[in-house]
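Visitor: Start counting the sequence shown at 0; every next residue gets the next number (numbering that gives the first Met the number 0).
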Amino acid sequence: MTETVKAGKATKAELEALPEASNATLPFNDPLATLQAQEDKVNEQLRPVIAAEERAAERKRLTEQLEKLQKKAATLDSLVKYFDKDGVKKTLIEQYIGGFEDKLISVMDAWGYEASLSEDLRFEVVTKRGYAGPVKELSGAEDFIFNSAFQCAVSIASGIKLVVIDEVEKLGTDIRNFIYEKVFSLIQEGILDQAILIGFSLDKTLPKPQAPGSKYFFITDGTVEELK
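(1) With V153 as the anchor, note down where its alpha helix (DSSP H) starts and where it stops.
(2) Within 8 Å, do at least three Cβ pairs link the region 123-137 to the region 165-180?
(3) Do the region 143-153 and the region 101-112 meet, that is, are 3 or more Cβ pairs less than 8 Å apart?
(4) List the endpoints of the continuous beta strand (DSSP E) containing E225.
(5) Let me check one thing: in DSSP terms, what residues is T33 bridge-paired to?
(6) When burial is assigned at 16 or more other CB atoms within 10 Å of the CB, is I164 buried or exposed?
(7) Assuming I155 contacts L191 under a Cβ cut-off of 8 Å, what Cβ separation, rounded to an integer in Å, is found between them?
(8) Looking at Y215 and L226, is the spacing between their C-beta atoms short of 7 Å?
(9) From Q193 to S157, what distance separates their C-alpha atoms?
(10) Express the C-alpha separation of D142 and E166 in angstroms, rounding to a whole number.
(11) Roughly how many angstroms separate the alpha carbons of I186 and A73, rounded to a whole number?
(12) Excluding sequence positions up to five away, which residues of its chain have a Cβ less than 6 Å from the Cβ of K70?
(13) Of the choices E180, E38, A36, P47, whose alpha-carbon is the least far from that of P206?
(14) Measure the C-alpha to C-alpha separation of S213 and K203 and round it to an integer number of angstroms.
(15) Between the C-alpha atoms of P133 and R175, what's the straight-line distance to the nearest angstrom?
(16) Return the CA-CA distance between T126 and I197, expressed in angstroms with no decimal places.
Structure (structure tokens):
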């Protein structure tokens with residue numbers, strides 16, 4: 000017990016002999032504060048420069064984007080002009096349809112029609128009676144005559160030179176004779192090679208006069224009989 004008390008007193012004396020506690024980082028606080036202040040000052044000086052660089056980068060990006068859009072707009076404008084009525088469309092029409100249209104019009108003219116293709120390739124027609132407009136507005140008989148004339152024109156223009164005109168019995172004698180006359184004149188001129196006209200009949204009466212070089216057939220129940 001005496002020894003323990005003695006050791007305790009010695010330890011207390013040593014502790015009391017120690018100097019007072021102090022903060023070991025205090026000598027570094029001032030230099031750190033100074034460095035932080037310097038860093039803040041530099042950052043403040045650099046802020047306008049950084050902002051200017053950012054604006055320059057954004058301006059560059061927007062300029063490049065504008066240039067791309069302008070190129071696209073220029074390309075689109077070129078394509079629009081290329082494919083509009085005065086561009087490739089007009090060239091192709093003149094190159095591939097122009098000659099066909101000329102032949103078409105010349106044949107239609109022989110039937111008494113003034114015909115033309117509009118820019119959007121719609122067929123317009125003028126009749127002898129003064130009607131001017133789209134084909135779909137023609138009357139029944141006029142439409143039949145026009146279709147016959149158009150078939151002849153297409154056949155001639157395409158080099159086929161053969162036409163088949165059906166249901167001619169639906170027309171009056173004057174209209175039938177008009178179609179016969181026009182078709183025959185095209186054959187006589189060597190413009191059309193052959194024409195087949197089909198109509199309903201209850202007898203075997205041959206037309207008079209008969210067209211030179213023509214043949215007539217009476218067909219019933221699949222049986223074909225040549226009339227002479």
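Beta carbons: idealized from backbone N, C-alpha and C, even for Gly.
Guide: Let's see:
(1) 139-157
(2) no
(3) yes
(4) 222-226
(5) The partner list for T33 (beta bridge, DSSP) is empty, contrary to what the question assumes.
(6) Buried, since its Cβ has 16 or more Cβ neighbours within 10 Å.
(7) 6 Å
(8) yes
(9) 14 Å
(10) 13 Å
(11) 55 Å
(12) For K70, same chain residues with a beta-carbon under 6 Å away, outside a window of 5 residues either side, do not exist.
(13) E180
(14) The alpha-carbon atoms of S213 and K203 are separated by roughly 15 Å.
(15) Distance between the alpha carbons of P133 and R175 is about 24 Å.
(16) 25 Å
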